[in-house]
Each structure stands twice: as C-alpha cells, then as structure tokens.
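Colleague: Going left to right, the sequence shown walks through residues 67 to 438 as the numbering used here numbers them.
Could you have a look at this structure, given as structure tokens, before my questions?
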Amino acid sequence: MRTNLQITGVELRRIAMPLRSPFRTSFGTETARDVLLVRVVTPDAQGWGECVAMSAPRYCSEYVEGAADVLRRFLVPALPAVADAHAVKRALKPFKGHKMAKAALETAVLDAQLRAAGQSFGSFFGAGRDRVPCGVSVGIMDSVPELLDAVGGFIDEGYVRVKLKIEPGWDVAPVRAVRERFGDDLLLQVDANAAYTLADARHLARLDAFDLLLIEQPLADDDLVQHAALAERLRTPVCLDESIESAEDAAAAITLGAASVINIKPGRVGGYLEAKAIHDLCVAHGVPVWCGGMLETGIGRAANVALAALPGFTLPGDTSASGRYFATDITEPFTLADGHLRVPTAPGIGVDPLPEILERVTTAEEWLKTRT
Ligand code: NPQ
Ligand code: MG
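This is the structure we're talking about:
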C-alpha cells in the first residue's frame, strides 16, 4: 500500500445541519448539528474527516470553534510534508488533548491514503461483516407517553436496540414504562452522560429490575475509581463513554473494574487507529465493545459503520440511519434494511459529499497551506 502521501493543503469547512427533532440529554438540548469537516488534499486523492465536537463544551471540553482553532494554529502546521495516518498520529501526539480535532485530521489523511491505495476502511481495519445491526439513542422527553410513541416508531423502523437517555428525575419511570409496553425481549440500555454521583448508587440499583444491557457513563468523566465502586453495587453492567479517551484509559478502566463494556467513539479517542487499538485491547480482555455516535453526517457515519463491523463489536451501536437525525444528509443517506446498515466497500470511507447539498449547508470555508 502507498504510504507516501504528499499533503498539499487542508480545508476546514463549517456546515449547519438542522435536526429533525430536538435531541435532549442530561447536558442540554440540541436543535441543530454544527459540524466541522476537514478535507485533506494530495496529488493522488483527497480525504474527508468529520470533527464530532459540539458547538458548546458540554459533552466534553472540546467545542467546534476550539477544534478549528487548534487545527489551524497547531495541528495542521505540524503535519509532515509526506505522511500516512500513522505518521500523522505520531506528529500530533505532542499536543495534549483535542482528540476530536486530531481525529478529524487523521481520518481525512487515512481516507486520502486509502482512496489512493484503492482500499476501503472496512478492509483496512479487518471488518468481518458486510452489514451491522443498529441501535437508536432516544432523548429525554417531556412525558412518558411521548417517549413510548418515539420508541414505538423506532422499533417499527427496525432498530434492534433502544438506548434511553436518563438523568435524575427521568430514569426508573421511563425505563419501567418502555419495558412494560415493549416487553422483555427488547434490547434496552440507558445513558446518563455523567449525570449522577456515587451517592445515587441505591437509586441506580433500582434499574437492576429491568434487565438492561448496560448503564452508560453514570458518573463523572474522571471518576474511574467511583465507577468501579458503583459497579460493585449494580447488577446492570457499567459501560464507559466519556471516561475513555485512549487505549490507556480503557486499560485502566478494565484493570480497576470500572467498565465491563466500552463504547468506542473514534472522535472521542483521537481517531480510528486508537479506536482499533481499544477494540483489540477489549477483545484480548473479553470486554464487549460497541460503536457510539455523535450525530454524524454521512461522512462520519460511513467510517463508524466500517469500524462497527470489526469482530469485537458484539453489541449493536448507535450507528443509526441518516434519517434518525437529518431530513437531508450531505452524502447519499444511510438507510436501515432489516435493522442493519451496509458497510461501505468503495475506497476510503466509501462515500462522498453531494456537492450541491454541501454548498447549501456550508457556513464558512477556510484553506490552510501545509509544508511542502
Ligand atoms: C452519547 N450520543 O452517547 C452521545 C452524546 C451526544 C447518540 O446518544 C449533538 C451532537 C448532540 C452530539 C447529543 C448519542 C449530541 C451529541 C448527545 C452527542 O453520549
Ligand atoms: Mg454516551
């Protein structure tokens, strides 16, 4: 495979994508997705990366303007003139944090590299399947009847697993209602986005009655030790999302007993190479993983679906269809067939933005020169 990619320039593009309905979590309500796209240009191919940071630092410390700033000021200037994705990862390592900004740049380089070599993401990472089963993440609602309507609609669409967003005051009752309405066979899990403390352990143990697949990120991001203590007091398996920003974090969580399941989001951990390393570590330790979602456009979704096809991804992910979030995606939409999404097979991420739609949603463009 060709690994000598001459990077001649990088484009940062901001796009505004209205959400089909507001998405409420324990950290806030979103009505639109503010996305930063990175396009890497080389003589052989161009490549795309999607930065999954949100406009405000509520899910984690990163935010879109901050990601654009660190890319422009530090990360893009640090790119080697000739590189592949592994060399880019090494070149970005001296800069602390900013995993989502790094992931977008590394992914764009990997996409260009694989397009030049004629290899798909799935083939490069060792995907073992040509389609992946999909779950759906359901936001906090104003009432239980509203929630039951939403969940029923997603089940009718074919989603094979339902994840309910929870927070103090919206946990046991909605979970009980969904179980009662849709039965014990529904694959059901919850995500607290760090909304509880260890003082809530007794309350959270009430969820044990509902046979959930897992409870995701109940406590604060940096509370590995307290997650381990909580796990001792719950029958429901504890899954970590926000707490895991690297393979080292995953190793620590497993060693401490803080996570019996891990949600892998390539953006959160600095890219697909690190995501693959976490997958491999978890397979070695017998820890199941699944692919999270950050309301990606088709660009980010394509790569996530390829990752989710790796053998260690034994639980359905949040890799929902484009239509879960957007009336119009910037690529050909990902659609559910029998609860599954097809893994792209074309080179690189395997999809391209549709030029007219991309232009229509673009709010800003910026061209960054690189070393040559
Ligand atoms: C999670 N995602 O697993 C996240 C968090 C999340 C699919 O539940 C705009 C952009 C709104 C990104 C809301 C899902 C968001 C977002 C929630 C990410 O924790
Ligand atoms: Mg989560």
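Cβ coordinates follow ideal geometry from the N, Cα and C atoms, glycine included.
Since we're looking at a predicted model, the values are computed, not measured.
1) Any heavy atom of the ligand MG inside 7 Å of the beta-carbon of residue 274?
2) Can you tell which of 102, 92 and 73 has the C-alpha that lies nearest to the C-alpha of residue 82?
3) Anything with a beta carbon under 7 Å from a heavy atom of the ligand FAD counts; list them all in chain order.
4) Looking only at its own chain, which residues have a Cβ that is under 6 Å from the Cβ of residue 107, when we skip the five neighbours before and after it?
5) Helix, strand or coil: which one does DSSP assign to residue 207?
6) Is it buried or exposed, residue 459, if we count other Cβ atoms within 10 angstroms and call 16 or more buried?
7) Taking only runs of the alpha helix (DSSP H) that begin and end inside the stretch 342-429, which ones reach a length of at least 4 residues, in chain order?
8) From residue 369 to residue 187, what does the alpha carbon distance come to, in whole angstroms?
9) How about residue 186: is its Cβ closer than 7 Å to a heavy atom in the ligand NPQ?
10) Against chain C, with Cβ distances strictly below 8 Å, would residue 106 count as a contact?
11) Shortest alpha-carbon distance to residue 167 belongs to which of 348, 356 and 335?
12) Under 6 Å Cβ to Cβ from residue 254, same chain only, skipping five residues before and after it: list those, please.
13) Could you pull the start and end residues of the beta strand (DSSP E) that residue 116 belongs to?
14) In whole angstroms, give me the CA-to-CA distance for residue 132 and residue 125.
15) Going by C-alpha distance, which of 165, 114 and 158 is nearest residue 130?
16) Give the range of the alpha helix (DSSP H) segment to which residue 75 is assigned.
17) Are the beta-carbon atoms belonging to residue 266 and residue 232 less than 8 Å from one another?
18) Can you tell me whether residue 199 is buried or exposed, with buried defined as 16 or more other CB within 10 angstroms of its CB?
19) Using the C-alpha atoms, what's the distance from residue 148 back to residue 99?
20) Are there three or more Cβ pairs, one per stretch, closer than 8 Å when the stretch 333-348 is compared with the stretch 371-391?
21) Can you grab the Cα-Cα spacing for the pair residue 112 / residue 77, in whole Å?
22) So, helix, strand or coil for residue 199, using DSSP?
23) State yes or no: is the C-beta of residue 318 within less than 8 Å of the C-beta of residue 285?
24) At what residues does the beta strand (DSSP E) containing residue 314 begin and finish?
25) Going by DSSP in three states, residue 222 sits in which element: helix, strand or coil?
26) Can you list, in chain order, the residues of its chain with a C-beta nearer than 7 Å to that of residue 435? Leave out the 5 residues immediately preceding and following it.
Modeller: Concretely, from the data shown:
1) It does not: the Cβ of residue 274 is nowhere closer than 7 Å to a heavy atom of the ligand MG.
2) Minimum Cα-Cα distance from residue 82 among the listed residues 102, 92 and 73 corresponds to 102.
3) This structure does not include the ligand FAD; its bound ligands are the ligand NPQ and the ligand MG.
4) Taking residue 107 as the centre and dropping the five residues before and after it, the same chain places the C-beta of 74 and 75 closer than 6 Å to its C-beta, in chain order.
5) DSSP places residue 207 outside both helix and strand once states are collapsed to three, so it counts as coil.
6) Limits of the chain in this structure are 67 at one end and 438 at the other, which puts residue 459 out of reach.
7) Taking 4 residues as the shortest admissible run, the stretch 342-429 contains the following complete alpha helix (DSSP H) segments, listed from N- to C-terminal end: 364-374 and 421-427.
8) So the alpha carbons of these two residues sit roughly 7 Å apart.
9) Because no heavy atom of the ligand NPQ lies under 7 Å away, the Cβ of residue 186 does not count as near it: no.
10) Of the chains in the structure shown, none is chain C; there is only one protein chain.
11) Here the closest residue by C-alpha is 335.
12) Taking C-beta separations shorter than 6 Å and ignoring five residues to either side along the sequence, the partners of residue 254 in its chain run 228 and 278, following chain order.
13) Taken as a continuous stretch (DSSP letters only), the beta strand (DSSP E) holding residue 116 covers 112-117.
14) One C-alpha to the other measures close to 14 Å.
15) Checking every option, the nearest Cα to that of residue 130 belongs to 165.
16) Unbroken run through residue 75 is the beta strand (DSSP E), 75-91; no alpha helix (DSSP H).
17) No, the Cβ-Cβ distance between residue 266 and residue 232 is not below 8 Å.
18) The residue is buried, with at least 16 neighbouring Cβ atoms inside 10 Å.
19) Roughly 33 Å between the two C-alpha positions.
20) Because the criterion of three Cβ pairs below 8 Å is met, the stretch 333-348 and the stretch 371-391 touch.
21) Roughly 10 Å between the two C-alpha positions.
22) Here residue 199 sits in strand by DSSP.
23) Cβ atoms of residue 318 and residue 285: not closer than 8 Å.
24) Not the beta strand (DSSP E): residue 314 falls in the alpha helix (DSSP H), residues 313-322.
25) Note: residue 222 maps to helix in three-state DSSP.
26) Closer than 7 Å at Cβ, skipping near neighbours: 75.
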